[in-house]
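The structure appears right after this line, and notes come after that.
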Amino acid sequence: MTDTRSRDLITQIVHHPYVPPADFVAPQPPVHKGSTVLFPNVAAMRERRWLDKSSYTYGLHGTPTTYQLEERLCALEGGLQCLLVPSGLSALTTVSLALLNAGDEVLVPDNAYGPNKDFTEIELKRLGIAHAFYDAMNLADLEAKITPATKLVWLEAPGSVSMEFPDLAALVRLCRERGVKTVLDNTWGAGLAFRPFDLLADGGSLGVDITAHALTKYPSGGGDVLMGSIITRDANLHMRIKLTHMRLGIGIGANDAELLLRSLPSVGLRYQAHDVAARDLARWLGQQPAVVQVLHPALEEAPGHVHWKALCGAAHGGQGAAAGLFSVVIDPKYGQDAVDRFCDSLQLFKLGYSWGGPISLVVPYDIERMRSQPHAQLKTGTVVRFSIGLEQVDDLRADLAQALSQAFA
Ligand SMILES: *Cc1c(COP(=O)(O)O)cnc(C)c1O
Numbered sequence: 001m002t003d004t005r006s007r008d009l010i011t012q013i014v015h016h017p018y019v020p021p022a023d024f025v026a027p028q029p030p031v032h033k034g035s036t037v038l039f040p041n042v043a044a045m046r047e048r049r050w051l052d053k054s055s056y057t058y059g060l061h062g063t064p065t066t067y068q069l070e071e072r073l074c075a076l077e078g079g080l081q082c083l084l085v086p087s088g089l090s091a092l093t094t095v096s097l098a099l100l101n102a103g104d105e106v107l108v109p110d111n112a113y114g115p116n117k118d119f120t121e122i123e124l125k126r127l128g129i130a131h132a133f134y135d136a137m138n139l140a141d142l143e144a145k146i147t148p149a150t151k152l153v154w155l156e157a158p159g160s161v162s163m164e165f166p167d168l169a170a171l172v173r174l175c176r177e178r179g180v181k182t183v184l185d186n187t188w189g190a191g192l193a194f195r196p197f198d199l200l201a202d203g204g205s206l207g208v209d210i211t212a213h214a215l216t217k218y219p220s221g222g223g224d225v226l227m228g229s230i231i232t233r234d235a236n237l238h239m240r241i242k243l244t245h246m247r248l249g250i251g252i253g254a255n256d257a258e259l260l261l262r263s264l265p266s267v268g269l270r271y272q273a274h275d276v277a278a279r280d281l282a283r284w285l286g287q288q289p290a291v292v293q294v295l296h297p298a299l300e301e302a303p304g305h306v307h308w309k310a311l312c313g314a315a316h317g318g319q320g321a322a323a324g325l326f327s328v329v330i331d332p333k334y335g336q337d338a339v340d341r342f343c344d345s346l347q348l349f350k351l352g353y354s355w356g357g358p359i360s361l362v363v364p365y366d367i368e369r370m371r372s373q374p375h376a377q378l379k380t381g382t383v384v385r386f387s388i389g390l391e392q393v394d395d396l397r398a399d400l401a402q403a404l405s406q407a408f409a
């Protein structure tokens, strides 16, 4: 035996023999860090398998911390396998890159999250992958656009900014019949509003093939972490995406995983609190003279409300579940200047992208520039989107009231 104390001081620090006792148990899972993972001998190094998550080989291929987060996210969304990526957008792009080849075609809802449309139109096109945008509120439009080259159909419920809620089960059933894989951007539902892998209330088997989720939003809940997940129920499909994910060199930081593990237990409470406050304020805004339309899927007059009710209506003792996000259309008699003045006059609502955190946010949108097709369900006027945070709802109402009177008096 070498006397380790005869070694240089620095070597003693680097190779310190002390190992703490193993039985430390605490409510939060420990944070394991490592690019390098150590093996006891060459045989173990050659034998270790990371693909089935039975052991560890390299930080990029998983740690106890990322494995735990993956399993919890599977439980949240009702899937069986999970991959973690460094943003919601990279969840979307990794799925498309993994499953599409030159000559294939992908269909994306015209009201999808804008950067997913940009990735499809610019990057996938560069790789020889064709696309079409379809109207998710019109089953016949999707049906007409599926061709033998169609290999993947993107879904989003509700649509981005305009918040139309599609008949998700009907869209998925059609894709199933045509043998086309479906992937849902599940950021709005977050695993809480509906079960994307079990879309039928009667327990029948119908679900999307893949969910992609911007954990940046509700699971993080702090406005301080960027992360995404890709969840499946089919081991082969998971493996296809996992191998692309591995070859692309995509990984997440242990400290970000720690923040997610810390926030996840409260996601249900936060989601419901955002939802209750958002519905209250959406209804109130609908009574204000400057507002010509409120776009919130839980409100009866909103586009696709019946589909929202069918899919999400049973949650919370029949109240349904609907996140903290909605938009309003401002009367077109008020110009962009007045709408900008309204947004600038808000004090508690801050100007900023993303959602799901404690601070309420507002963004004015130019919806005409975001759509390639006419959108019959939207009234004319400037669209303003709100993300409701965790402030007291009466304070938010008072803030909206003072900004409305400053801008639209
Ligand atoms: C925010 C968002 C994304 C992207 O998430 P990032 O983490 O910001 O990249 C994707 N889809 C939807 C619906 C989103 O709201």
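First residue of the sequence shown? That's 1 in this note's numbering, and the numbers climb one at a time after it.
Note that CB positions come from ideal geometry on N, CA and C, so glycine has one too.
In DSSP terms, what residue i is bridged to
i      : result
Tyr134 : Pro109
His213 : Ser229
Gln293 : Val329
Pro364 : Val384
Val85  : Gly228
Lys350 : Leu361
Identity of the residue in the options nearest residue i by Cα
i      : options                        : result
Arg247 : Glu123, Ala323, Asp104, Thr94  : Thr94
Ala290 : Leu80, Tyr334, Gly318          : Tyr334
Ala32  : Ser345, Gly204, Gly62          : It should be pointed out that residue 32 corresponds to His in this sequence rather than to Ala. Residue Gly62 is the option with its Cα nearest to His32.
Val328 : Trp284, Gly114, Pro109, Leu396 : Trp284
Val161 : Gln406, Pro364, Gln392         : Pro364
Phe408 : Leu168, Arg126, Pro332         : Pro332
Ala157 : Asp366, Thr232, Gly357, Gly304 : Gly304
Gln272 : Leu390, Phe119, Val306         : Leu390
His17  : Asp3, Pro29, Val25, Phe24      : A quick correction: the sequence has Pro, not His, at residue 17. The shortest Cα separation from Pro17 among Asp3, Pro29, Val25, Phe24 belongs to Asp3.
Ile367 : Val383, Gly356, Ser360, Asp344 : Val383
Val292 : Pro358, Leu84, Met370, Gly381  : Gly381
Gln287 : His274, Asp275, Val276, Glu301 : Glu301
Val362 : Leu378, His375, Cys343         : Cys343
Leu80  : Arg233, Glu143, Arg46          : Arg233
Asp141 : Leu174, Ile250, Thr120         : Leu174
Gly223 : His316, Gln68, Ser360, Asp395  : Ser360
Arg270 : Gly189, Arg341, Gly313         : Gly189
Val183 : Lys217, Ser220, Ala201, Leu237 : Leu237
Asp202 : Ala338, Ala169, Thr57, Asn41   : Ala169
Leu124 : Met370, Leu92, Val393          : Leu92
Asn186 : Arg178, Glu177, Phe165         : Phe165
Glu77  : Thr65, Ser90, Trp355, Leu215   : Leu215
Ser372 : Pro358, Leu200, Asp118         : Asp118
Glu143 : Asn116, Ile129, Arg176         : Arg176
Distance cut-off 6 Å: residue i Cβ against heavy atoms of ligand 1
i      : result
Tyr113 : yes
Leu226 : yes
Thr211 : no
Leu89  : yes
Thr187 : yes
Thr216 : yes
Contact test: residue i Cβ vs ligand 2 heavy atom, cutoff 6 Å
i      : result
Val161 : Ligands displayed in this structure: ligand 1; ligand 2 is not among them.
Is the region 228 to 246 touching the region 92 to 103, taking contact as three or more C-beta pairs under 8 Å?
Three or more beta-carbon pairs drawn from the region 228 to 246 and the region 92 to 103 are found closer than 8 Å, and the two stretches are therefore classed as touching.
Give, in chain order, every unbroken run of the alpha helix (DSSP H) that is at least 4 residues long and sits entirely within the region 118 to 184.
Counting only runs of 4 or more, we get 139 to 145, 168 to 177.
Please specify which runs of the alpha helix (DSSP H), each continuous and at least 4 residues long, are wholly inside the region 35 to 62, giving them in chain order.
42 to 47
Threshold first: 4 residues or longer. Then list the alpha helix (DSSP H) segments lying entirely within the region 224 to 286, N to C.
If we require 4 residues or more, the alpha helix (DSSP H) runs fully inside the region 224 to 286 come out as 235 to 248, 254 to 263, 267 to 286.
Assess contact between the region 62 to 72 and the region 191 to 211, defined as three or more Cβ pairs (one per stretch) separated by less than 8 Å. Is contact present?
no
Assess contact between the region 137 to 152 and the region 312 to 330, defined as three or more Cβ pairs (one per stretch) separated by less than 8 Å. Is contact present?
Contact fails: fewer than three Cβ-Cβ distances are below 8 Å.
Give a yes or no on contact between the region 133 to 142 and the region 107 to 115, applying the rule of three or more CB pairs nearer than 8 Å.
yes
Does the contact criterion of 3 or more C-beta pairs under 8 Å hold for the region 51 to 67 versus the region 195 to 210?
no
For the structure I just gave you, are there three or more beta carbon pairs, one from the region 141 to 150 and one from the region 186 to 197, closer than 8 Å?
no
Segment contact, 8 Å Cβ cut-off, at least three pairs: the region 228 to 239 with the region 304 to 313:
no
Evaluate contact between the region 343 to 354 and the region 389 to 403, counting only Cβ atoms and requiring at least three cross-stretch pairs below 8 Å.
yes
Output the residue ranges of the alpha helix (DSSP H) runs that lie fully inside the region 293 to 318 and measure 4 residues or longer, sorted by chain position.
305 to 312
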